[in-house]
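Okay, so here's the structure we're looking at.
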Amino acid sequence: MIDRLWSKFVKPSSDTDHNLAADNVPEHVAIIMDGNGRWAKSRGLPRISGHHSGMKAVKQITMAADRLGVKYLTLYAFSTENWKRPKAEVDFLMRLPQEFLAIELDELIANNVQVRVMGHREALPEYTIAPLEEAIAKTASNTGLILNFALNYGSRKEMTDAVKLIAEAVRDGQLTPEQIDESIIEERLFTSGMPDPDLLIRTSGELRLSNFMLWQLAYSEMWFTDVYWPDFSENHFYEAIAEYQRRARRYGGL
Ligand code: FPP
Numbered sequence: 001m002i003d004r005l006w007s008k009f010v011k012p013s014s015d016t017d018h019n020l021a022a023d024n025v026p027e028h029v030a031i032i033m034d035g036n037g038r039w040a041k042s043r044g045l046p047r048i049s050g051h052h053s054g055m056k057a058v059k060q061i062t063m064a065a066d067r068l069g070v071k072y073l074t075l076y077a078f079s080t081e082n083w084k085r086p087k088a089e090v091d092f093l094m095r096l097p098q099e100f101l102a103i104e105l106d107e108l109i110a111n112n113v114q115v116r117v118m119g120h121r122e123a124l125p126e127y128t129i130a131p132l133e134e135a136i137a138k139t140a141s142n143t144g145l146i147l148n149f150a151l152n153y154g155s156r157k158e159m160t161d162a163v164k165l166i167a168e169a170v171r172d173g174q175l176t177p178e179q180i181d182e183s184i185i186e187e188r189l190f191t192s193g194m195p196d197p198d199l200l201i202r203t204s205g206e207l208r209l210s211n212f213m214l215w216q217l218a219y220s221e222m223w224f225t226d227v228y229w230p231d232f233s234e235n236h237f238y239e240a241i242a243e244y245q246r247r248a249r250r251y252g253g254l
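Numbering-wise (our numbering), the sequence shown opens with residue 1 and increments by one.
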């Protein structure tokens with residue numbers, strides 16, 4: 001039902017249930033979607049069924065973020081460390097973008113959502129890359145929510161690659177060491193041109209960053225919940241936004 005209603009939703013100026021202020025919605029929300037395996041285990045199901053249900057939560061939260069007027073939603077879908085998992089689980093995770101986009105791309109387009117991916121292309125199979133590239137191309141001119149998948153993403157590798165690019169520019173005489181400032185580094189990260197996340201959400205009760213956006217999260221507000229990702233609903237998302245709106249962001253000032 002809710003799937004069919006997606007394109008008909010009118011964006012509310014505020015969420016009355018949670019008294020969300022329309023003028024203080026985070027511009028960029030980043031989410032570490034954790035707990036799929038434990039969600040499945042607690043139901044006596046294989047881990048992959050947790051990932052499959054997690055895909056449905058991706059849809060729900062994308063819809064909620066869009067309705068709320070969030071501009072960027074970055075989702076940690078696969079880390080550079082996730083390759084250590086059993087091959088069957090990795091293969092399943094690599095197939096999810098294809099399945100997700102086969103079901104949802106038309107709705108994403110109808111809702112003016114722009115799909116992006118950040119991460120290391122190498123090692124990603126063609127069946128993962130091809131549908132994502134198609135989605136990126138078909139949504140490139142959309143001006144609504146930017147749905148940014150972090151796929152084969154590792155923050156330390158992202159920063160290491162940026163350092164290499166800067167070293168090469170210095171070696172080639174295009175840059176002097178004195179010219180290196182934060183913007184020079186930011187321009188060489190996957191998130192170049194994007195604002196830093198205002199809010200980081202991590203599900204499943206784990207309280208760590210797991211190599212996710214270490215540079216970009218410097219001043220983000222963090223919100224943790226024990227809820228496993230497949231159970232993470234629109235209401236949980238609103239709860240996180242409501243808590244964000246109660247925080248005073250000082251960026252090191254007073
Ligand atoms: C962490 O839970 C989750 C992942 C490694 C995969 C996240 C992927 C999705 C939610 C689906 C992505 C959907 C698309 C469309 C790309 P875990 O397996 O580490 O859970 P556990 O800590 O309970 O074992």
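Glycine included, C-beta positions come from ideal geometry on N, C-alpha and C.
Three-state class that DSSP yields for residue i in the structure shown
i, result
"residue 32", "strand"
"residue 269", "Any question about residue 269 goes unanswered here, given that the chain covers just 1 to 254."
"residue 139", "helix"
"residue 190", "coil"
"residue 1", "Note that residue 1 scores a pLDDT of 30, beneath 50, so its modelled location is shaky; the value from the coordinates is reported in the next line. Looking at residue 1 - three-state DSSP - the assignment turns out to be coil, as it is neither helix nor strand."
"residue 223", "strand"
"residue 116", "strand"
"residue 43", "coil"
"residue 212", "coil"
"residue 77", "strand"
"residue 169", "helix"
"residue 48", "helix"
"residue 156", "helix"
Spatially closest choice to residue i from the options, by CA coordinates
i, options, result
"residue 182", "162, 115, 233, 91", "162"
"residue 77", "62, 32, 68", "32"
"residue 43", "243, 73, 230, 251", "230"
"residue 109", "86, 144, 125", "144"
"residue 192", "80, 89, 117, 170", "117"
"residue 212", "136, 29, 97", "29"
"residue 260", "45, 107, 71, 186", "Outside the modelled stretch of the chain, which goes from 1 to 254, sits residue 260, for which no answer is possible."
"residue 127", "64, 95, 244", "95"
"residue 63", "246, 226, 221, 235", "235"
"residue 84", "152, 119, 166", "152"
"residue 79", "91, 120, 100, 88", "120"
"residue 253", "219, 246, 241", "219"
"residue 158", "190, 174, 184, 103", "190"
"residue 160", "170, 188, 134", "188"
Proximity of residue i and residue j at Cβ, strictly below 8 Å
i, j, result
"residue 105", "residue 51", "no"
"residue 150", "residue 75", "yes"
"residue 66", "residue 111", "yes"
"residue 217", "residue 209", "yes"
"residue 35", "residue 203", "yes"
"residue 228", "residue 18", "no"
"residue 68", "residue 113", "no"
"residue 244", "residue 221", "yes"
"residue 223", "residue 248", "no"
"residue 101", "residue 135", "yes"
heavy atom of ligand 1 below 7 Å from residue i C-beta
i, result
"residue 51", "yes"
"residue 83", "no"
"residue 194", "no"
"residue 204", "yes"
"residue 36", "yes"
"residue 47", "yes"
"residue 97", "yes"
"residue 117", "no"
"residue 93", "yes"
| request: For the region 48-60 and the region 165-179, state whether three or more C-beta atom pairs, one from each stretch, are separated by less than 8 Å. | output: The region 48-60, when compared against the region 165-179, does not touch it at the 8 Å Cβ threshold.
| field | Three-pair Cβ contact test at 8 Å for the region 124-142 versus the region 197-210 | value | Between the region 124-142 and the region 197-210 there are fewer than three inter-stretch CB-CB distances shorter than 8 Å, so the stretches are not counted as touching.
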